[in-house]
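Numbering of the sequence shown is given in the working numbering, commencing with residue -2 and proceeding in unit increments.
Here a beta-carbon is modelled for each residue, glycine too, at the ideal position from N, C-alpha and C.
Notes follow the structure.
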Amino acid sequence: MRRPTCTVILAAVLWAVLSGDALAQRDFDAVEVGIEVVADGVYMLTGAGGNIGASVGADGTFLVDDQFAPLTEKILAALATVTEGPVRFVINTHFHGDHTGGNENLGKAGAVIVAHENVRKRMTMEEFDASVGPTSHSAPPGALPVITFAEGLTFHWNGATIRVFHHEDGHAHTDGDAIIHFVEANVFHMGDTYFNGMYPFIDVNDGGSVQGLIEVVSHVIDLADDDTKIIPGHGPLSDKAELRVYRDMLQSIVRAVRAGIDRGLTLEAMVQEAPTAEYDADWGGGFISAERLIEACYTSLADR
Ligand SMILES: [Zn+2]
């Protein structure tokens, strides 16, 4: 169900910000790409856009996400400080441009791009909404995943097991999310199902839902232990205890929004009630405001 409301416009604007449309306005020269050790052979890279995960070793480098195209050289330079191996695989956690922008460069350099089948679908589709007209997600052919999966797949790489799975609910941050589990290293990369220290973006227009997002997060909490390291899509490196706090925050907000819907509140009245108030100081400082989160929750719950 599509709600031709300001949700659509906001999502289109955010999409533009996160995708190549905004590249011309961004100054990537000033961005520094950092690299930190997460576990033996596993690294997290920061810069602009989504956090990158990397397994490095004798087989070559396996990357999770690749930020924006103008940053590829800096990303490769950061990797070169820890390995001489080429990038052999890139897995995209979802289709957004701040996670897939380097695909074309890395593909040309010989990497195999892998993602959920809905990532490839969304990277090629044009959508039409009455309020904004046609919006295109089209990426250059060289940026598209060449191997896609529906439920998951496993890599046996650098002497380790890397499990990739799409949660069975199917709808979380988008409808094409992948969670990556570096099994022996005890590390997860959660893509944008986890914003550490910030309210998450739930892309309801592209198949996301807050209920599914909470289910994915709960599933990772079940699989994790006290030593697990968790790479969020955005924000600093994290762990199970912090992920649980994030999940509990979202569950509490969802309960309040559901109660408001049951009482017949409109979205505007729901926002007025400020169901996120007790969390805003800790979580509202990112690029998703309390109002945006309430709207995403309201739309998710009203639609399903
Ligand atoms: Zn995203």
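Boundaries of the beta strand (DSSP E) around HIS153: 149 to 154. If you look at SER52, you'll find it in the beta strand (DSSP E) that goes 49 to 52. Taking C-alpha positions only, VAL180 is separated from ALA112 by approximately 19 Å.
Taking all protein chains shown into account, VAL30 has 16 or more neighbouring C-beta atoms within 10 Å of its C-beta and is therefore buried.
Looking at PRO137, ARG23, GLY98 and ASP279, the one whose alpha-carbon comes closest to that of GLU239 is ASP279. When only Cα atoms are considered, ILE258 and ASP203 end up about 22 Å apart.
As computed with DSSP, LEU42 is found in a beta bridge with ILE32 and ILE49. Secondary-structure assignment with DSSP links GLU123 through a beta bridge to SER133. No heavy atom of ligand 1 is found nearer than 8 Å to the CB of HIS134.
The beta carbon of HIS186 sits closer than 6 Å to the beta carbons of GLY50, VAL61, ILE177 and ILE228 from its chain, once the five residues preceding and following it are set aside; these are given in chain order.
If the five residues before and after SER135 are omitted, its C-beta is found closer than 8 Å to the C-beta atoms of MET120, THR121, MET122 and GLU123, all from its own chain and listed in chain order.
With respect to ARG117, PRO137 sits apart: the two C-beta atoms are not nearer than 9 Å. In this structure the region 249 to 267 does not touch the region 188 to 195; the number of beta carbon pairs closer than 8 Å is below three.
Look at VAL242 here: in three-state DSSP terms it is helix. In this structure, HIS168 and SER215 do not form a Cβ contact; the two beta carbons are roughly 14 Å apart against a cut-off of 8 Å. Between ligand 1 and THR171, a heavy atom-to-CB distance of less than 8 Å is present. In this structure, ligand 1 has a non-hydrogen atom nearer than 8 Å to the beta-carbon of HIS96. Burial check for VAL34: the Cβ neighbour count within 10 Å stays below 16, so the residue is exposed.
Three or more beta-carbon pairs drawn from the region 61 to 77 and the region 86 to 106 are found closer than 8 Å, and the two stretches are therefore classed as touching. In this structure, GLY149 lies near ALA175, with their beta-carbon atoms less than 9 Å apart. Per DSSP, reduced to three states, the secondary structure at PHE25 is helical. At least one heavy atom of ligand 1 lies closer than 8 Å to the C-beta of ASP200. Within its own chain, no residue has a Cβ closer than 7 Å to the Cβ of GLY261 once the five positions on either side in sequence are excluded. Between GLN208 and GLU288, the alpha-carbon positions lie close to 18 Å from each other. Shown here, VAL116 sits in a helix according to DSSP, grouped into three states.
The three-state reading of DSSP puts ARG260 in coil, since its state is none of H, G, I, E or B. ASN155 places its beta carbon less than 9 Å from that of ALA55. ALA106 places its beta carbon less than 9 Å from that of VAL84.
In the DSSP assignment, ILE144 falls within the beta strand (DSSP E) that extends over 144 to 146. The alpha carbon of PRO272 has as its nearest neighbour, out of PHE284, CYS294 and GLY283, the alpha carbon of CYS294.
Annotation for HIS93 indicates a beta carbon within 8 Å of some heavy atom of ligand 1.
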